[in-house]
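Protein chains in written order, with the working numbering: chain A, 1 to 113; chain B, 1 to 113.
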């Protein structure tokens with residue numbers, strides 16, 4: 001069974017640009033959540049999607065958004081990039097909401113110059 | 001788990017010895033706790049979880065202990081191997097928040113030969 005797939009794995013953007021990251025959950029998993037990982041702040045929850053609806057949101061500005069499609073695949077978007085947005089963005093999927101174990105992808109490493 | 005940390009505590013253990021990694025959490029409403037292992041360049045990998053109605057759970061070479069009185073979680077790894085070298089994160093979940101996990105700052109485990 002394929003794991004959580006994230007694309008692209010690495011990308012470089014400049015300040016002010018926007019970026020879209022993609023996540024394909026494990027087949028059959030319906031819940032997708034996103035986390036940001038930085039050396040200074042650690043792993044922080046961004047948002048969770050289930051049945052194409054955002055169910056939970058972390059403490060991030062409105063520049064961070066996401067969506068989920070009917071096949072459970074998810075995308076997140078960051079607009080007007082800032083230097084501080086440089087991070088590893090991790091997607092995790094689980095079978096259902098609150099089912100416990102989250103399976104993480106390898107992440108998309110974003111560098112903002 | 002504890003939020004935010006600039007420096008990653010490091011635990012150095014000799015191969016074959018047992019490792020104990022500790023974690024403090026602050027949310028009394030947390031009902032679920034997980035330990036993740038993250039190797040360099042990879043996403044977090046699930047190790048073991050425990051619900052708040054338990055105080056101990058064992059897996060293969062790993063044991064998680066939960067002390068709700070002092071809000072403390074520990075991960076014990078028996079017969080530590082070089083492949084166990086990684087950063088270990090504890091995470092907790094507030095009741096009813098599904099996939100929203102709060103991660104600790106992490107502990108780097110170094111296994112020496």
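All C-beta atoms, glycine included, are put in the ideal place defined by N, C-alpha and C.
With a floor of 3 residues, list each beta strand (DSSP E) that falls wholly inside the stretch 44 to 94 of chain A, ordered by position along the chain.
-> 53 to 57, 64 to 68, 74 to 78, 87 to 94
Can you find a CB in chain A that lies within less than 7 Å of the CB of residue 103 (chain B)?
-> yes
Roughly how many angstroms separate the alpha carbons of residue 23 (chain A) and residue 63 (chain A), rounded to a whole number?
-> The alpha-carbon atoms of residue 23 (chain A) and residue 63 (chain A) are separated by roughly 19 Å.
Check whether residue 41 (chain B) and residue 104 (chain A) have beta carbons under 7 Å apart = No. Outside cutoff.
Residues bridged to residue 13 (chain A) by DSSP?
-> A:112
Going by the beta-carbon positions, is the gap between residue 31 (chain A) and residue 73 (chain A) smaller than 7 Å?
-> no
Listing by chain order, which chain B residues have their CB less than 8 Å from the CB of residue 105 (chain A)?
-> 43
Which residues of chain A have a Cβ atom closer than 7 Å to the Cβ of residue 106 (chain B), listed in chain order?
-> 42
Interface positions of the stretch 18 to 49 of chain A facing chain B (Cβ-Cβ less than 7 Å), listed along the chain | 31, 33, 40, 41, 42, 43, 45, 48
Residue 72 (chain A) at chain B interface by Cβ criterion, 7 Å = no
Scan the stretch 44 to 57 of chain B for residues whose Cβ lies nearer than 8 Å to a Cβ of chain A and list them as they occur along the chain.
-> 44, 45, 46, 49
Please state if the CB of residue 59 (chain A) and the CB of residue 48 (chain A) are separated by a distance shorter than 7 Å.
-> no
From residue 15 (chain B) to residue 48 (chain B), what distance separates their C-alpha atoms?
-> 21 Å
In chain order, what residues of the same chain have a beta carbon less than 6 Å from the beta carbon of residue 32 (chain B), not counting five sequence neighbours either side?
-> 51, 93
Beta strand (DSSP E) segments (min. 3 residues) lying fully within the stretch 12 to 86 of chain B = 19 to 24, 30 to 38, 45 to 51, 56 to 58, 62 to 67, 72 to 77
When you compare only the Cα positions, how much space is there between residue 53 (chain B) and residue 30 (chain B)?
-> 11 Å
Note down, in chain order, every chain A residue with its Cβ under 9 Å from the Cβ of residue 89 (chain B).
-> Chain A residues near residue 89 (chain B): 42, 43.
Going by Cα to Cα distance, which pick from A:40, A:45, A:9 is closest to residue 61 (chain A)?
-> A:45
Taking C-beta pairs closer than 8 Å, name the residues in chain B that residue 86 (chain A) reaches, listed in chain order.
-> Per Cβ cutoff of 8 Å: no residues; residue 86 (chain A) is ~16 Å from chain B at best.
When the Cα atoms are used, what is the spatial distance from residue 2 (chain B) to residue 15 (chain A)?
-> Low local confidence applies: a pLDDT of 40 at residue 2 (chain B) is under 50, so the model's placement there is unreliable, with the coordinate-based value given in what follows. Taking the straight line from one Cα to the other gives about 31 Å.
Note down the Cα distance separating residue 25 (chain B) from residue 9 (chain A), rounded to an integer number of angstroms.
-> 32 Å
Is the Cβ-Cβ distance between residue 87 (chain A) and residue 33 (chain A) less than 7 Å?
-> no
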